[in-house]
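Colleague: Here it is: the structure, laid out below.
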Amino acid sequence: MAKRTFPIDYTSRDFSSIRDDLINYTKRYYPDTFKDFSEASFGSLMLDTVAYVGDIMSFYLDYQVNESFLDTASEYNNVLRLARQAGYKFTGPNSTTGMVSVYAVVPANSVGLGPNNDYLPILKRNTTLSSTSGASFILLEDIRFDEPSNDVVAANIDDATGNPSSYAIKAMGQVISGEFGVTNIDIGAFERFKKVSISEPNLVEIISVFDSEGHEYFEVEYLSQDVVYKSVPNRDENTRDNAPSLIRPFNATRRFTVTKNRRTTTLQFGFGSDTEIATPGLAEPANVVLQRQAKNYVTDAIFDPSDLVGTDKLGIGPANTTLTITYRLNASNNANAAIGAVNRITSTLVEFNNPSIANDSTARTVAASFECFNEEPIVGSVRNPNVEEIRQQALNIFPAQSRAVTSTDYEAMVYAMPGHLGAVKRCRVLRDQDSIKRNLNVYVISEDAQGKLVQPNSALKENLKIHLSRYRMINDTVDILDAKIVNIGIEFEVVASEEINKFEVLDNATTALVSAFGSKTMFIGDRFYITDVFTALNKVRGVADTAKVRLVSKRGTNYSSSTLNIDQFMSLDGRYLSVPDNVILEIKFPRIDIRGTVR
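Per our numbering, residue 5 is the first one in the sequence shown, and the count goes up by one each step.
And the structure:
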């Protein structure tokens, strides 16, 4: 006799529905075996247990499915992994960049008509500075005080001769926020594609990696890239003024890639080892499908078949050694600096044109005379992107494919700028209607340590322009412009239910609006929908009705100088406030700018 099959309702997924189905199933097919369905019976315990397990399994099944897709995932690290598959690269904590003026006092030459060239210093990169808030900054480039463009003024006058005895020289250099950190990691036996993790949530970038034998490992985008470019000093006096450094290619036999999560940074090394370097590699030349037609070069920088031939083992990995990893981290939560805040040099790395005088007393006096001052704000630090921002950036990065054609591609590349170059909070790319060519206006805005919108400085915009030049179309021109910040406030009037205290209703309504709009950063050119305010207020317990909502322009000492005529840009039906394409709205002080009354 064939075994009977019974229909099962697969739509039951929660505890109650599963338990009801089990009871009905038992009553129908086992009426003589089980009859006691009271809540205190042993049979009821077994049915409850099965329903409990089924509810948990349904929950984790739904959760697992949701976390497998980018548009439904909610866990931060899961969203990062899925976004990484689409080409998104999480940069972690970003940096602030800006220009700093550095002053040095140099003795006069023998005739008192100019500084002594032998004592003109070179303030070396990696010199550290600090701000009044305690944030640390690092000099990104050598500051040469022998540049003809430097400002030179007499600092001290010899009373006997009337000639200057010393000169004050002003030079400029770019700085970046952060300080150096070092960690040593012991590596055991050789392991292919070895991974090393650093548990430092504020790590910004890897500076250098050396093993105990002195071998240097280079960071690359992908392990198949076996060439890196390094800058070397330009020794040619005829060309050094315009090009103080020269870029040269180096073969990166030992290399690694960097993957960042919210809390950790992982370094992954190559496939090969010193003992296996002579054996065949992963990429076989016979399998390369692109033919170069007898040429020894290609013009495609994205996919070079010679890379497949030359990568060999995708780099040599470390083994039986100790790695010394130097990195930069943002130790301060306030990495932005106002004008004049960067005013102290904490450690000085200095050289002189004449090395023989580096240790005499006059040279030490020159080295001790350094002072610094930032003439414009240093901004660019933004908080880590939230889940929704990562999701949207990944969706934009994927179709861009390492080139910028549409405005969405350009916006994706702006957000993908490496964190050590700084970062913008919001951007918008628009076609310049006044240009007869394909000129694009990229409007950007940054935020300070408190999450308030600020305009980016010139150094950040210059970094962004150079970054975009790698991906733009050859006939596109790009201008980086500041978006205008317009501060607004919300005034509302609600009607309270009779059974609830009016002041409690007003406080709850204000808190609800602060929570909904206070920490929300709008996009450049986005409308502000007043209907969203009505919706948020009507959900507050005790609010019987929302009588009135009005937007007001905020101006004054602590607000932006840009203003907007609210009545002019309000829609005819009063549902939303539209703004020009280069304007971003902000509620700067939610507890002050959101005010209401109750009746």
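Even glycine gets a Cβ: it sits at the ideal position worked out from N, Cα and C.
Is the Cβ-Cβ distance between residue 380 and residue 491 less than 8 Å?
Modeller: no
Colleague: For the stretch 410-478, which segments carrying the alpha helix (DSSP H) assignment without a break, of at least 4 residues, lie completely within its bounds, in sequence order?
Modeller: You should have 411-419, 462-473.
Colleague: Indicate whether residue 594 and residue 522 have their beta-carbon atoms separated by less than 8 Å.
Modeller: yes
Colleague: Run the CB neighbour count on residue 489, radius 10 Å, all protein chains shown included, and call it buried at 16 or more, exposed below.
Modeller: buried
Colleague: Taking DSSP's pairing of strands, which residues face residue 103 in a bridge?
Modeller: Answer is 178, bridged to residue 103.
Colleague: So residue 348 and residue 134 are in contact, right, with Cβ under 8 Å, and what is the actual spacing, rounded?
Modeller: 5 Å
Colleague: Rounded to the nearest angstrom, what separates residue 94 and residue 427 at their Cα positions?
Modeller: 12 Å
Colleague: Decide if residue 339 is buried, meaning its Cβ has at least 16 other Cβ atoms within 10 Å, or exposed.
Modeller: buried
Colleague: Counting only runs that start and end within the stretch 514-567, where is the alpha helix (DSSP H) found for 4 or more residues in a row?
Modeller: 534-542
Colleague: Rounded to the nearest angstrom, what separates residue 586 and residue 319 at their Cα positions?
Modeller: 46 Å
Colleague: When burial is assigned at 16 or more other CB atoms within 10 Å of the CB, is residue 322 buried or exposed?
Modeller: buried
Colleague: Between which two residues does the alpha helix (DSSP H) holding residue 29 run?
Modeller: Counted as a single uninterrupted DSSP element, the alpha helix (DSSP H) harbouring residue 29 occupies residues 19-33.
Colleague: DSSP on residue 311, reduced to helix/strand/coil?
Modeller: A caution first: residue 311 carries a pLDDT of 48, below 50, which makes its placement in the model too unreliable to give a value.
Colleague: Measure the C-alpha to C-alpha separation of residue 537 and residue 232 and round it to an integer number of angstroms.
Modeller: 53 Å
Colleague: Could you give the distance in angstroms between the alpha-carbon of residue 124 and the alpha-carbon of residue 148?
Modeller: 8 Å
Colleague: Cα separation between residue 610 and residue 494?
Modeller: Past the edges of the chain, shown from 5 to 603, lies residue 610, and the structure says nothing about it.
Colleague: Just to confirm, is the Cβ distance from residue 331 to residue 207 under 8 Å?
Modeller: yes
Colleague: What did DSSP end up calling residue 300 once you bin it into helix, strand or coil?
Modeller: Because residue 300 carries a pLDDT of 45, less than 50, the predicted location of this residue cannot be relied on, and the following value inherits that uncertainty. The answer is coil: DSSP assigns residue 300 none of H, G, I, E or B.
Colleague: In whole angstroms, what is the alpha-carbon distance linking residue 529 and residue 256?
Modeller: 45 Å
Colleague: Should residue 22 be labelled buried (16 or more other beta-carbon atoms within 10 Å of its own) or exposed?
Modeller: Buried, by the Cβ-count rule.
Colleague: Where does residue 365 sit, in a helix, a strand or coil, going by DSSP?
Modeller: helix
Colleague: If you draw a straight line from the C-alpha of residue 353 to the C-alpha of residue 368, how long is it?
Modeller: For residue 353 and residue 368, the distance between alpha carbons rounds to 12 Å.
Colleague: Would you please state the rounded distance, in angstroms, between the beta carbons of residue 417 and residue 408? I believe it to be under 8 Å.
Modeller: Indeed, because the Cβ distance is near 5 Å, the residues count as touching under 8 Å.
Colleague: If we call anything under 8 Å between Cβ atoms a contact, is residue 220 one with residue 214?
Modeller: yes
Colleague: Does DSSP put residue 359 in a helix, a strand or coil?
Modeller: helix
Colleague: Mind the definition here: the stretch 437-452 touches the stretch 107-114 only if three or more C-beta pairs lie below 8 Å; say whether that holds.
Modeller: no
Colleague: Go ahead and label residue 63 buried or exposed: buried means 16 or more other beta carbons lie within 10 angstroms of its beta carbon, across all protein chains shown.
Modeller: exposed
Colleague: Between the Cα of residue 515 and the Cα atoms of 260, 81, 598, which residue gives the shortest distance?
Modeller: Each of 260, 81, 598 was checked against the Cα of residue 515, and the nearest Cα belongs to 598.
Colleague: May I ask you to report which of helix, strand or coil DSSP gives residue 598?
Modeller: Strand.
Colleague: Secondary structure at residue 214, three-state DSSP: helix, strand or coil?
Modeller: strand
Colleague: Give the DSSP-derived three-state secondary structure of residue 604 in the structure shown.
Modeller: As shown, the chain starts at 5 and ends at 603. That puts residue 604 outside it, with no answer to give.
Colleague: Mind checking which residues open and close the alpha helix (DSSP H) that includes residue 52?
Modeller: 46-70
Colleague: In the structure shown, what three-state DSSP assignment does residue 511 receive?
Modeller: helix
Colleague: Taking the beta strand (DSSP E) that residue 272 falls in, what are its first and last residues?
Modeller: 269-273
Colleague: Hey, how far is the Cα of residue 580 from the Cα of residue 569?
Modeller: 14 Å
Colleague: How close, in whole Å, do the beta carbons of residue 375 and residue 107 come, if the pair is a contact with beta carbons under 8 Å?
Modeller: That pair is a contact at about 5 Å.
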